[in-house]
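Trainee: Questions regarding the structure given below will be posed in turn.
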């Protein structure tokens, strides 16, 4: 019983990182909108940079989910 509770608490604490990833993705695309509004001639380059930032931020979220599933099901 206590092992199950500890797993659930650990998984809940590990998912807090997903809120940070969501905020990071919002910052990436919010900055893209601001940058395109300032300089429209660099739209393609800025968009490629924002996709790279999105991918790196989303990778952190996927690693977090992997850790959560390891906590819940592998131990």
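Numbering (our numbering), first residue to last: 1 to 75.
Think of the CB as a built atom: it goes at the ideal place given N, C-alpha and C, for glycine as much as any other residue.
A quick note: this is a predicted structure, and the numbers were derived from the prediction, not measured.
#1: Check whether the region 47-59 and the region 6-18 are in contact - that is, three or more C-beta pairs closer than 8 Å.
#2: Rounded to whole angstroms, what is the Cα-Cα separation between residue 75 and residue 25?
#3: Among residues of its own chain, excluding the 5 on either side of residue 29, which ones have a beta-carbon nearer than 7 Å to its beta-carbon?
#4: Under three-state DSSP, which class holds residue 66?
#5: Run the CB neighbour count on residue 46, radius 10 Å, all protein chains shown included, and call it buried at 16 or more, exposed below.
Mentor: Inspection of the coordinates gives the following:
#1: In short, these stretches do not touch, since the Cβ pair count stays below three.
#2: Cα-Cα distance, rounded: 31 Å.
#3: 50
#4: helix
#5: buried
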